[in-house]
Amino acid sequence: MFSIIIPNYNRQKGLIKAVRSVLNQTYTNFEIIIVDDCSTDNSLKEISKIKDERIKVYQLGKNSGAAAARNFGIKKSSGDFISFLDSDDYLEPGFLKTTNQIFSHSDPSVGFMWTGVRYHLAHKIIEESWEPKRKNNSYLTFLNELRIGTGSGITVKRKVFVEYGSFNENLPAAEDTDFFLRITKTFNYLFTNNILINVNKTGNDRMSKNFRNIGLAYNIFIVDHLTEIDKDKKLQKKYYYKMMWLNYHLEDQKTARYYYNKIPKELRTFKIKIVKYLYEYLPLKNASYIHQKLSS
């Protein structure tokens with residue numbers, strides 16, 4: 001059985017569409033677990049109008065964030081496979097059927113999978129699927145490139161949570177990045193390029209990129225991966241450059257300079273030097289704006 005976990009906070013219109021998209025699945029052995037994070041709108045009232053015994057609704061005692069809501073849903077779930085769906089996104093009818101077919105032919109080492117995504121932006125629609133360039137193992141593959149999150153049609157086997165725990169609620173951001181880097185040390189992955197989930201990026205209630213929170217999170221969990229990062233100069237460049245500019249966003253110049261100095265000298269490109277100069281000598285807002293323009 002599948003457990004589809006939907007965290008919700010003040011998204012009553014999107015929530016109804018998300019739930020309907022699960023109820024319309026061609027594969028019907030599932031439960032829907034809605035975890036409301038203390039919404040102040042009519043989310044719970046509206047969802048109560050949908051009568052289906054597969055829908056289970058819980059409300060957290062206090063507003064705790066998406067990671068806590070997902071963890072609560074995992075604890076309440078009973079499925080062999082756990083899928084995540086945000087309350088303003090929706091699934092294609094064949095999501096569960098395709099996911100089930102892929103898992104049924106998978107190796108026992110496989111712990112999770114993802115699907116292609118259709119992003120709904122303000123003025124256009126973009127379809128995207130991620131096929132990672134395979135390295136020696138899953139962990140190195142994800143250290144080198146990680147382009148998925150919980151909104152990427154993710155389904156995880158229950159045993160993954162049993163062995164590695166769930167999302168780190170102490171992280172102010174990037175909890176899915178931390179989760180994937182942890183579990184790929186043991187578990188393999190599968191994916192399908194089929195577009196099976198729709199992600200809405202037009203709402204103003206989606207969390208924008210908060211580099212300060214991302215910086216705080218990376219400072220916590222990246223230490224668990226430094227041993228592997230230090231074995232590869234390309235990984236050193238990738239992560240120490242990122243840690244440099246994230247710590248500038250934390251206004252911690254000492255730590256930012258520390259990570260800059262850890263970038264191998266021969267890999268300190270002109271762009272990296274320019275970005276360091278921007279954050280050293282311009283106001284943070286201006287430096288960040290120019291940095292993002294350079295990166296895009």
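Taking my numbering, the leading residue of the sequence shown gets 1, the next gets one more, and so forth. Every residue gets a Cβ at the ideal spot worked out from N, C-alpha and C, and that includes glycine.
- If you draw a straight line from the Cα of Ile74 to the Cα of Ile82, it is about 8 Å long.
- Counting only the Cα atoms, Leu146 lies some 8 Å from Thr177.
- Beyond the five residues adjoining it in sequence on each side, Gln59 comes within less than 6 Å, by CB distance, of Asp36 in the same chain, given in chain order.
- Between Ile5 and Val19, the CB-CB gap reaches or exceeds 8 Å.
- Thr192 sits in a strand when the DSSP states are folded into three classes.
- For His225, no alpha helix (DSSP H) encloses it, and the DSSP letter there is neither H nor E.
- Counted as a single uninterrupted DSSP element, the alpha helix (DSSP H) harbouring Glu163 occupies residues Arg158 to Tyr164.
- In this structure, the alpha-carbon of Thr115 lies about 10 Å from that of Glu131.
- Closest option to Phe2, judged by alpha-carbon separation, among Val156, Arg212, Leu246 and Tyr90: Val156.
- In this structure, the CA atom of Asn8 is about 30 Å from the CA atom of Asn188.
- Ranking Tyr260, Asn210 and Tyr240 by CA distance to the CA of Lys285 puts Asn210 first.
- Residues of the same chain with a CB within less than 7 Å of the CB of Ser109, apart from the 5 flanking positions on each side, are Phe187 and Asn188 in chain order.
- Taking Phe142 as the centre and dropping the five residues before and after it, the same chain places the C-beta of Phe180, Leu181 and Thr184 closer than 7 Å to its C-beta, in chain order.
- Annotation: Phe167 to Val223 spans about 17 Å, alpha carbon to alpha carbon.
- In the DSSP assignment, Asn247 falls within the alpha helix (DSSP H) that extends over Lys233 to His249.
- Shown here, Ile154 sits in coil according to DSSP, grouped into three states, outside any helix or strand.
- Collapsing the DSSP output to three states places Asn8 in a strand.
- Pro264 is positioned such that its CB atom lies closer than 8 Å to that of Lys237.
- The region 75–99 contains, as complete beta strand (DSSP E) runs of 3+ residues, the segments 81–84 (chain order).
- Straight-line spacing of the CA atoms in Leu23 and Phe84 works out to 15 Å.
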